[in-house]
Amino acid sequence: MAAKHVTDASFHADVIASERPVLVDFWAEWCGPCRQIGPALEELNDELAGVDIVKINIDENPDAPTRYGVRGIPTMILFKGGEVAATAVGARPKSAIKSWLEGELG
6 MAAKHVTDAS FHADVIASER PVLVDFWAEW CGPCRQIGPA LEELNDELAG
56 VDIVKINIDE NPDAPTRYGV RGIPTMILFK GGEVAATAVG ARPKSAIKSW
106 LEGELG
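In terms of this note's numbering, the sequence shown opens at residue 6 and continues consecutively.
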């Protein structure tokens, strides 16, 4: 299943109020590294049962990136219980993203 696209308007319902951990990929169309990790995140969304992976376009939705201090993209922020649990900035291979997520999810 493709990663869900969230917006500033849906961010609270889709991320903060979620009962499951949520990994938010802050990205933009023009960002090469963002496009590079996109397919890996799509695959991980299918492979990892314990987390939901969502994407938010920072150009179309400026409030959430500002609220969470996103300064560079791609930035991935893991939310647990509505709180920021971990942050990773920059492109990395699928295996590194998976290891980081599994470590954070315990």
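Even glycine gets a Cβ: it sits at the ideal position worked out from N, Cα and C.
- The criterion of a C-beta distance shorter than 7 Å is satisfied by Pro-79 and Pro-38.
- One alpha carbon belongs to Asp-68, the other to Phe-31, and they sit about 12 Å apart.
- Glu-47 has its alpha-carbon roughly 21 Å from the corresponding atom of Asp-13.
- Here Val-11 is near Ile-61, since their CB atoms are less than 7 Å apart.
- DSSP, reduced to helix, strand and coil, places Asn-66 outside both helices and strands of the structure shown, so it counts as coil.
- Every beta strand (DSSP E) of 3 residues or more that sits fully in the stretch 13-53 is shown, in chain order, as 27-32.
- Ala-33 and Asp-51 have their C-alpha atoms some 22 Å from each other.
- Using a 10 angstroms sphere on the CB of Val-89, the tally of other CB atoms stays under 16, which defines it as exposed.
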